[in-house]
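Residue numbers (full-length UniProt numbering), protein chains in the order written: chain A, 1 to 136; chain B, 1 to 136; chain C, 1 to 136.
The structure is reproduced here in C-alpha cells:
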C-alpha cells in the first residue's frame, strides 16, 4: 500500500480540524483550501496578510506553493486550481494579480485549468484557493 | 480500457439525475456530493436525518463512507474532502463534529486535505460533502 | 517527466487569465470551469448562447465535451462533474436537461459522479461546469 503523506509547511498554522494542509499519495498531490494567513507565529491567532484582495491573493498563492514544495512539486505540476472569491466584482482584479504572479513563476508547462466561483467565506477573508497536482 | 464502475450502496436513494453516487476507475474513486439523507426506504421520498447540523453532518459522512466501502476503500484512502455549508456560523460546530467523527474512525494515515466553502443548498439541507480517493 | 498538455479547442474564447481550458497529464484530464459562451468569433466579446438555463446548460456541456475531445477523451472517461448553479430553483430543470443530454451521448460506461452547489457567477451566467476525467 502506498502511504499517504501529510504536507505541513513550517510556515503554516495548525489546521482548525482533523485535515491536512496537503496530502501526497503516489503521484497525486492535493492542496487543501488555503487562505491569506501570514506565516504562523507561536501563540498568535491566524492573521490575514491584509484586508485587500491583492494582499490576500498573493499570500494565498504563497501558501499553496509552500505546500506544493513541501511535497516536492511546483506550479508546473498543478492540473487544477479552484479559486473561491466572495465578490463577483473582484474577478478582474484577481485575474490581474493572478496573471502577474504566474508570469513571474517561470512556468515551463502550460498553466493549470481553473474554476472561479463566488461563495461565502469567514469574515475578513476575500479569497480561498485549493489545487490538485500530478507529479512525475 | 479500464472500466469505470458505478458505486451504489443499497442504502442510497436513487440519484435524481444521470449521475453515479460514486465511481471507481483504476485506482481513483470519486464520491459524488452527499447530503444527510437517511438510508433509502422503498416508496419514501429522500428524508434528511434531522434538521440539525449534527444529525446531517454525521449522516452525510456515513453516506460518503458507504460509497467508499462499496468501492473497497476507506477514509484512509481519501485525499480530499469538500465540505459545503450554508452558514459561516456553522464552521466551528461542523469542525467539532468532524473532529470527533474522524477521531473514532481509526485512521492509520494522515487525514485528507479539505476545503470548506459556504454556498446555497436545497431547502432543509445544511451540509453537502464529496470526496476524492486514491486506492492502493 | 510527463508533459502537461494544454487543451484549447478552436471554438473556445481565449481564457481571461493565465489558465488553460483543459490540461492533460498522463491519464488525467482536467476541464476548467466552462460557461455557456458560444464558439469564439474573432473580435467579438464572449457571448452566452442565450439567457435561458436550457441554452446555457447545453452550450456549457458542449464546451466541456470539446475540451474532452481535444484531449482524446469522451464523457465515458469522466469521473466527476461539478455543476455550479446560481439559483436553487433551477435544480429540477437542470436535471431534466442534463438527463436528456446524457441520454443522447451514447455512454457505454456508468455516468460520472456529480456535485451541484449554488454560488454566485458573473452577471448573465446561470451555470458553470467543470470535469475531471481519467483516460485509458
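Ideal Cβ placement from N, Cα and C applies to all residues, glycine included.
**Asked** Going straight from the alpha carbon of residue 27 of chain C to that of residue 136 of chain C, what length do you get?
**Response** Numbered from 1 along the third chain, position 27 holds the residue referred to as residue 27 of chain C. Numbered from 1 along the third chain, position 136 holds the residue referred to as residue 136 of chain C. If you take the alpha carbons of residue 27 of chain C and residue 136 of chain C, they lie about 7 Å apart.
**Asked** Which stretch, first to last residue, makes up the alpha helix (DSSP H) that contains residue 128 of chain B?
**Response** What you label residue 128 of chain B is simply residue 128 of the second chain in a count that begins at 1. Segment 127–134 is the beta strand (DSSP E) holding residue 128 of chain B; no alpha helix (DSSP H) there.
**Request:** Count the other C-beta atoms from every protein chain shown that fall within 10 angstroms of the C-beta of residue 108 of chain B, then say buried if there are 16 or more, exposed otherwise.
**Result:** Here residue 108 of chain B corresponds to residue number 108 of the second chain, with the count starting at 1. Counting of Cβ neighbours within 10 angstroms places residue 108 of chain B among the exposed residues, the total staying below 16.
**Message:** I'd like to confirm the pairing. Which residues does DSSP put opposite residue 25 of chain B in its beta bridges?
**Reply:** What you label residue 25 of chain B is simply residue 25 of the second chain in a count that begins at 1. DSSP output for residue 25 of chain B lists B:4, B:28 as bridge partner(s).
**Request:** Kindly give me the distance between the Cβ atoms of residue 34 of chain C and residue 49 of chain C, rounded to whole angstroms, as I take these residues to be in contact under 8 Å.
**Result:** Locating residue 34 of chain C in the third chain gives position 34, where the first residue counts as 1. Locating residue 49 of chain C in the third chain gives position 49, where the first residue counts as 1. Not confirmed; about 12 Å, so no contact.
**Item:** Rounded distance between the beta-carbons of residue 125 of chain C and residue 36 of chain C, thought under 8 Å
**Value:** For the purposes of this step, residue 36 of chain C is taken as the residue at position 36 of the third chain. For the purposes of this step, residue 125 of chain C is taken as the residue at position 125 of the third chain. 7 Å between Cβ atoms; contact.
**Message:** Quick check: is any heavy atom of the ligand COA less than 6 Å from the C-beta of residue 96 of chain C?
**Reply:** The ligand COA is not among the ligands present in this structure, which contains no ligands whatsoever.
**Prompt:** In terms of DSSP beta bridges, what is residue 85 of chain B paired with?
**Reply:** As a position in the second chain, residue 85 of chain B is number 85, starting the count at 1. For residue 85 of chain B, which the question treats as bridged, DSSP gives the partners B:118, B:127.
**Interface residues of the segment 121–136 of chain C facing chain B [CB-CB below 8 Å]** = Look at the segment 121–136 of chain C: the residues with a C-beta under 8 Å from a C-beta of chain B are 132, 134, 136.
**Prompt:** Using 7 Å as the limit for Cβ to Cβ distance, is residue 84 of chain B near chain C?
**Reply:** Here the question's residue 84 of chain B lines up with position 84 in the second chain. So yes, residue 84 of chain B belongs to the interface.
**Asked** If you draw a straight line from the alpha carbon of residue 100 of chain A to that of residue 6 of chain B, how long is it in whole angstroms?
**Response** Along the first chain, read from residue 1 onward, the residue named residue 100 of chain A stands at position 100. Along the second chain, read from residue 1 onward, the residue named residue 6 of chain B stands at position 6. Each residue's alpha carbon lies about 42 Å from the other.
**Message:** Relative to the C-alpha of residue 17 of chain A, which candidate in B:111, B:122, B:57, B:15 has its C-alpha closest?
**Reply:** For the purposes of this step, residue 17 of chain A is taken as residue 17 along the first chain, with counting starting at 1. Ranking B:111, B:122, B:57, B:15 by CA distance to the CA of residue 17 of chain A puts B:111 first.
**Request:** Give a yes or no on whether the C-beta atoms belonging to residue 113 of chain C and residue 133 of chain B are separated by under 7 Å.
**Result:** Looking up residue 113 of chain C in the third chain gives position 113. Looking up residue 133 of chain B in the second chain gives position 133. In this structure, residue 133 of chain B does not lie closer than 7 Å to residue 113 of chain C by Cβ.
**Asked** Which residues, in order along the segment 68–79 of chain B, keep a beta-carbon less than 9 Å from a beta-carbon of chain C?
**Response** Nothing from the segment 68–79 of chain B brings a Cβ to less than 9 Å from some Cβ of chain C.
**Contact with chain B by residue 119 of chain C, beta-carbon distance below 7 Å** = What you label residue 119 of chain C is simply residue 119 of the third chain in a count that begins at 1. Taking Cβ atoms only, chain B reaches closer than 7 Å to residue 119 of chain C, which makes this a yes.
**Message:** Assuming contact is defined by CB atoms lying nearer than 7 Å, are residue 67 of chain C and residue 22 of chain C in contact in what I supplied?
**Reply:** The residue labelled residue 67 of chain C in the question sits at position 67 within the third chain. The residue labelled residue 22 of chain C in the question sits at position 22 within the third chain. Taking 7 Å as the Cβ cut-off, residue 67 of chain C and residue 22 of chain C qualify as a contacting pair.
**Asked** At which residues does the alpha helix (DSSP H) containing residue 92 of chain B begin and terminate?
**Response** Here residue 92 of chain B is taken as the residue at index 92 of the second chain, counted from 1. Taken as a continuous stretch (DSSP letters only), the alpha helix (DSSP H) holding residue 92 of chain B covers 91–103.
**Message:** List, in chain order, every chain A residue whose beta-carbon is nearer than 8 Å to that of residue 3 of chain C.
**Reply:** Taking the third chain and counting its residues from 1, one reaches residue 3 of chain C at position 3. By Cβ distance, chain A contributes 109.
**Asked** Does the separation of the CB atoms of residue 138 of chain A and residue 70 of chain A fall below 7 Å?
**Response** There is no way to answer for residue 138 of chain A, as the model of chain A reaches only from 1 to 136.
**Request:** Answer yes or no: does any C-beta atom of chain C fall closer than 7 Å to that of residue 37 of chain A?
**Result:** Here residue 37 of chain A refers to the residue found at position 37 when the first chain is read from its first residue. No, no contact with chain C.
**Asked** In three-state DSSP terms, what is residue 64 of chain A?
**Response** In the first chain, counting from the first residue as 1, residue 64 of chain A sits at position 64. Looking at residue 64 of chain A - three-state DSSP - the assignment turns out to be helix.
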